[in-house]
Amino acid sequence: MLIAVILALAAGTYGFRVAGVLLRDRLDLPEWARHLLPVGAATLLAALAATAALTEAGGFAGYARPAGVLIGLVLAWRRAPFVLVVVAAAATTAVLRLLGVD
Numbered sequence: 001m002l003i004a005v006i007l008a009l010a011a012g013t014y015g016f017r018v019a020g021v022l023l024r025d026r027l028d029l030p031e032w033a034r035h036l037l038p039v040g041a042a043t044l045l046a047a048l049a050a051t052a053a054l055t056e057a058g059g060f061a062g063y064a065r066p067a068g069v070l071i072g073l074v075l076a077w078r079r080a081p082f083v084l085v086v087v088a089a090a091a092t093t094a095v096l097r098l099l100g101v102d
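Following full-length UniProt numbering, the numbering of the sequence shown begins with 1 at its first residue and continues without gaps.
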């Protein structure tokens, strides 16, 4: 079952990419729509990140994970090295969970 879902998603992704290449010259979008497409992609990515950071098994993930994500965001915003961002975010989450903050 899982393999079928993965294959269906892969085929759909490939289909969208091929459709974009084939329809590029045939589809004329208004100027306002051309400006909104990158914003829509960024919004979708932000929503996916928020869902992954805040939920677990359909419920709230607790306070430790969002705190770790927040530390990672601040360090990334301050342009810290990627390894430091990941380690600090993971360590923050781990320490908070160790202290019983769930």
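Ideal placement from N, C-alpha and C gives every residue a C-beta, glycine not left out.
Task: DSSP state of G62 mapped onto helix, strand, coil - done: coil
Task: Spatial distance of L29 from V87 (CA atoms) - done: 44 Å
TODO: Can you say whether V85 is buried or exposed, counting buried as having 16 or more other CB atoms within 10 angstroms of its CB?
DONE: buried
TODO: Go through its chain and collect everything with a Cβ distance to residue 158's Cβ below 8 Å, but skip five positions before and after it.
DONE: The requested residue 158 is not part of the displayed model; the chain covers only 1 to 102.
Task: Nearest-angstrom Cα separation, counted from R26 out to V69 - done: 42 Å
Task: Inter-residue spacing [alpha-carbon to alpha-carbon] between G100 and A19 - done: 50 Å
Open item on the list: Tell me the rounded alpha-carbon separation between A64 and G15.
Closed with: 39 Å
Open item on the list: Suppose contacts are defined by Cβ-Cβ distances below 7 Å. Is G72 in contact with A89 by that definition?
Closed with: yes
Open item on the list: Output needed for A61: all residues of its chain with C-beta closer than 8 Å, excluding positions within five of it in sequence on either side, in chain order.
Closed with: A53, L54, T55
TODO: Drop a sphere of 10 angstroms on the beta-carbon of T51, count the other beta-carbons inside from all chains shown, and report buried for 16 or more, exposed for fewer.
DONE: exposed
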